[in-house]
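Undergrad: Residue numbers for the sequence shown follow UniProt numbering, beginning at 1 and rising by one.
Here it is: the structure, laid out below.
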Amino acid sequence: MDLVMGAMGNIAPKLLQLLRDEYKLQKGLKEKVQSVSDELVHVNALLRKVAAVPWDQLDEQVKIWADELREKSYEMEDILDTFLVRVEGPVPSDKKDGKLKRKLKKKMDSLFSKAKARHDIAGAIEDIMKQLKEVDERRARYKLDDVVAKAAATSRIDPRLVAMNNEVNKLIGIDKSSGELSRMLSPVGNDSNGKIKIVSVVGVGGLGKTTLAQAVYDKLNPNFGCRAFVPVGRDRDVKTVLRNILIDLDNKYMDVKYNILDERQLIKQLKDFLRSNRYFIVIDDVWSTETWNIIRTAFVENDSGSRVIVTTRKREVASMAEEVYYLQPLSDDDSKMLLYTRLYGGEDKCPLNHPAEASEKILKKCGGVPLAVITMASMLVGKSTEDWYDMCKSFYGGNEGQQIHHTEWILSLSYYDLPLYLRPCLLYLSVYPEDYLIGKDPLIWKWIAEGFVETKTGTNLFQRGEEYFNQLINSSLIQAVESLDGVIDSCRVHDMVLDLIRDLSKKVNFVTISNGDGEGTLQRNKQVRRLAHHNRPMLQTHEDDDMGMAKVRSLVVLGCEIDSWLLHPSFKLLRVLAIEGCGRASTEDWQGLRHLGNLLHLRYLGLRDTRIFELPEEIGKLKFLQILDLERSGVQQLPSGVCQLTQLLNLRGDDLTKAPDGLLKKVTSLEELRLNIDNLDDESKRQFMKDLGNLSQVRVLSIYGELRAGGMALQSELVQSLDNLHKLQHLQLVDYNFGLGDNTCKWVEWEDTVVLPRGLQLLDLRAVPFRRLPSCISPAHLQNLCMLRLRVEAIDEAGLRALGGLPELRELVLLARRSSIASTATVASINISGEGFFQKLRMIQLCGGCMIQLVRNKEEEEDSKAGVVSVSFWNGNGAAPFGSRTKQQEDDCSTSVEAVPPPVMPNLEMLRFEVPVRALYKDGNGGCDNLGLEFLPSLAHVHVIVNCMGATADDVKKAEADLIKAARLHPNKFIPDIIRDKEYRMIAQSIDKGDEEDGTELTSLLEDVRTSLHC
């Protein structure tokens, strides 16, 4: 499918579907269906040739023919889908009749309705044949023999791409500009008095303004108490920007109560927060002076040396800052290094047969714009020397003196270099606003619902969609975004690429944008196929009423106010309905979906991040619905009608969204399921666990609720079901009500008998209390596991070795179960050497009073071997003293005179743990001054909960001072995030004069350390 092809690729499979016996078509009609299907093969072959040529290079007559055929393809698909809905869809019944009468009437109505539908499809097929005949007659008038289609290679995602692009963008040519911008932000002369300083970065699109600002932000942010990096873009509502700044500064502003604040109130909140803090804020990609004027008013002067960077393409915006940094294009040498690094991994790895002359011309065309160089490199990977020179000719049209606008042309070449099936997937991204963070999974499911993803033997639709996503990343046309655990879970579209695909979409009526400010792409003289509303108030009556909504296939509403909006009843052919990130002032159930039951063609219903609270019972009529996404929608109970949605592939609720009883009796095709089962009684829960075993295609399974109440019978059913789920990749069993002290139920079967699927990538078993690490969690069995969350009583040495050996583990969360048994073994030390442990771990969180310590053992002999590091997890409840070692352990330790980087957690960036102050200081188990954080070379963020219960105020202060000292001594000089817990349970103590002096000195030290970190 492509700009030219429209829905043509979907028609042939649906025609073949009609030939199945279940539709009972007459013999003559079957022959006509087959004839139409055969004709479509020839039409599609011609369309592929046309699609291979850039739209602007096509003959005008060909464009007219392609436009007409594309619109006809949508109409043909609508005809076929309407027939399928009438045959397979629901039949209305009169609720006033008795039950038996209703049942009989419903059956009779169904028979008559389906018979009429079969009669009507005969006329529809005749109409399709007539239209195809007209197409065939017209194509004879056009000469298309010289149109040649390009072959396109498919690929898996390049595993080096994200890391390489990050390294390239941050290092090549950026050192000089980063240093210059940093110096502009430094206090000099009159600036040393602590006044706020605002510096703008200005340059053309694709030059790397955001990358430069991010590099300086990462470099300087440890010197500031609070920080924020917020994109703006052309279409971003100022309220959204202000709210995002607050959220970046403090997560408490994510609370829904802040969504209803207006601009004035948000600015006041921001001023109040910043008034007592030294802040560093980057406002990225500002397009108008009006927007910047509003944002600028929130930055208060508090004489603390705060800094602000604003990036923009507009010089009038840049000139409003105190100082302006004009970002220059890459030098010739840096451009060459960037190209060679992207192609070969470095200039020194360039092969001898590299076409130097062609690359020089290509780099000249790129003009030092990093985005153009990277995009061009992605196109040239694996291409022959002849292809390089052909690319040069396409730049100059055979005349080296005649240049065209380089970056836009390069991007359009990259688009036409994509396989035909990828192009509509890229164009669909134009439904999103600028700088929007696009979730990978919701995007792929929308592609599937639109029919963009082609089936492939041995691969389900979602996996095929992931291949599409990876190919777009490899093309550099979308930018991958990683989660904390290093998994690519979302993407962004560079604004220059967005400009390109919006322009292409507008030309062929692919997507219509409405911003509510007159800057959208509404074209009333054209039939709207896909409509997107961005950041605007949605009224009950607006331009939707007179825009011809009857043929809309996709409606995407993002960041809008929807309280008074009602879904228009004319959207009868809608396949995708996404209402995401929309605001509501009211806390009552939303009535905007009252016509939902009429959308019989609907495949995708997404309501994430929009508080609607309740779904109508009529959702059960949507027999073709494949995706129901209710994440963070506030829906706490699914209506029973959901049990009728037998084609559902993805049912994603909130962690509080309750499952209807009997859901999995009919809904058995699920690939993703996320629900809460607390509303079910014990027998229904047991049946639910048993029915899980029927979901043979499920990849993602998240069950929330209390699983212990069902006892061993429920656990046994769950264990047996899991044994059938061979395609499972994500498994979550979470009980938020599980108290850390709860010790009433053991899951012995898990520890001894469960075999988990080898393809698991995420495993979250916080609902399951383990006495020790289960044997099923091992490096030999779970080679692909990236994220692990466990509730475990003790980790012994064997368990810690197993965790450390998981080759792909990036995130680890351990919830220690506090035990009253003093003899519980909670110390586990590993002498790390050679092979290394936790090699890819990026984040670790230890809960329930559990801490981590790394110790390099002391030197014993001058000729000793390489240094050895011991890593310990310690609970602090009746265990051995923190960091203590037995005589045998000390005898076994060897060290090195040289400082050798330890092969343990080399990539750990974030560490979260709790400090039980009393257990450490009062009970004589050590302190926070020997954590060994210096052995974690990548550490950048430390979050510590200081448990004050039973501890003295002095001990609490000492623990905090030790933590801040450790951060100051670390090479990365981060600021630890320290939060006191149970401060009201601290022990009051009387202190003599000497103790008071010690306490005063300790407080002074704590303040000095904090002050030095902020300088």
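Glycine residues also receive a C-beta, built at the ideal position from the N, C-alpha and C atoms.
As the structure is a prediction and not an experimental result, all values here were calculated from the model.
(1) Just to confirm the assignment, what range does the alpha helix (DSSP H) spanning K365 have?
(2) Please name the residue, chosen from I196, L185 and L181, that lies closest to K209 on a Cα-to-Cα basis.
(3) Rounded C-beta distance between F913 and L846? I'm assuming under 8 Å.
(4) Would you report the Cα separation of S586 and R611, rounded to the nearest angstrom?
(5) Within 10 angstroms of the Cβ of Q61, are there 16 or more other Cβ atoms? Answer buried if so, exposed if not.
(6) Quick one: grab the DSSP three-state call for R70.
(7) Is DSSP giving R758 helix, strand or coil here?
(8) Just reading off the beta strand (DSSP E) that D981 is part of, what are its end residues?
(9) Give me the DSSP bridge partner(s) of P230.
(10) If you check the beta carbons only, do V308 and I473 fall under 8 Å apart?
(11) Between C226 and the rest of its own chain, which residues show a CB-CB distance below 6 Å, the 5 nearest in sequence each way excluded?
(12) Quick one: measure Cβ to Cβ for L785 and L760, integer angstroms, because I've assumed they're closer than 8 Å.
(13) Go ahead and label N251 buried or exposed: buried means 16 or more other beta carbons lie within 10 angstroms of its beta carbon, across all protein chains shown.
(14) Determine, using beta carbons only, whether L498 and S430 come nearer to each other than 8 Å.
(15) Where does K101 land, buried or exposed, given buried means 16+ other C-beta within 10 angstroms?
(16) State the DSSP-derived secondary structure class of D629, mapped to helix, strand or coil.
(17) Can you give me the C-alpha to C-alpha distance between G367 and D723, rounded to a whole angstrom?
(18) Quick one: complete beta strand (DSSP E) runs, 3+ long, within the segment 781-817?
(19) Compute the distance between the beta-carbons of F624 and Q591, then report whether it is under 8 Å.
(20) Taking the alpha carbon of L605 as the reference point, which residue from L567, G583 and R584 has its own alpha carbon closest?
(21) Taking the straight line between their C-alpha atoms, what separation do you get for P616 and I795?
(22) Can you name, in chain order, every residue of its own chain whose Cβ lies under 8 Å from the Cβ of G398, other than the five neighbours on each side?
(23) By DSSP, does M910 sit in helix, in strand, or in coil?
(24) Of the residues P442, K446 and K365, which one's Cα is nearest the Cα of P424?
(25) Just the Cα atoms here: how many angstroms apart are I945 and M851?
(26) Nearest by alpha-carbon distance to V642: which of R603, H595, E631 and V667 is it?
(27) Which of the three DSSP states is assigned to R968 in this structure?
(28) Apart from the five residues on each side of it in sequence, which residues of its chain come closer than 6 Å, Cβ to Cβ, to G693?
(29) Which same chain residues end up closer than 7 Å to D955 when comparing Cβ atoms and leaving out the 5 residues on each side of it in sequence?
(30) Along the beta strand (DSSP E) that carries C643, what are the first and last residues, could you check?
(31) Looking at the structure shown, is C928 part of a helix, part of a strand, or coil, going by DSSP?
(32) How would you write the range of the beta strand (DSSP E) that D489 sits in, first residue to last?
(33) Tell me whether the segment 481-493 and the segment 502-511 touch, counting them as touching only if at least three CB pairs, one residue from each stretch, are closer than 8 Å.
(34) How far does the beta strand (DSSP E) with G606 in it extend, from its first residue to its last?
(35) Alpha carbons only, please: which of S331, L663 and V556 is nearest the one belonging to I438?
(36) Given this structure, state the Cα-to-Cα distance separating S378 from S288, to the nearest angstrom.
TA: Looking at the atomic coordinates:
(1) A356 to C366
(2) For K209, the closest of I196, L185 and L181 by C-alpha to C-alpha distance is L181.
(3) 4 Å
(4) 9 Å
(5) Q61 comes out exposed.
(6) helix
(7) coil
(8) D977 to D981
(9) A quick correction: the sequence has Val, not Pro, at residue 230. Paired residue(s): I283.
(10) no
(11) L249, N277 and Y279
(12) 6 Å
(13) exposed
(14) yes
(15) Annotation note: pLDDT 48 at K101 (below 50); position unreliable, coordinate value reported separately. Exposed, since its Cβ has fewer than 16 Cβ neighbours within 10 Å.
(16) strand
(17) 58 Å
(18) 787-792 and 811-816
(19) No, the Cβ-Cβ distance between F624 and Q591 is not below 8 Å.
(20) Taking only the C-alpha atoms, the option nearest L605 is L567.
(21) I795 has its alpha-carbon roughly 48 Å from the corresponding atom of P616.
(22) Residue placement at G398 is poorly supported in this model, since its pLDDT is 43, which falls under 50; the coordinates are not used for a value here.
(23) strand
(24) K446
(25) 11 Å
(26) With respect to the C-alpha of V642, the residue from R603, H595, E631 and V667 having the closest C-alpha is V667.
(27) helix
(28) S721 and N724
(29) V917, Y921 and K922
(30) No beta strand (DSSP E) holds C643; DSSP gives it neither H nor E.
(31) DSSP places C928 outside both helix and strand once states are collapsed to three, so it counts as coil.
(32) I488 to R492
(33) Result no; under three Cβ-Cβ pairs closer than 8 Å.
(34) Under the DSSP assignment, G606 falls in the beta strand (DSSP E) whose first and last residues are Y604 to G606.
(35) V556
(36) 33 Å
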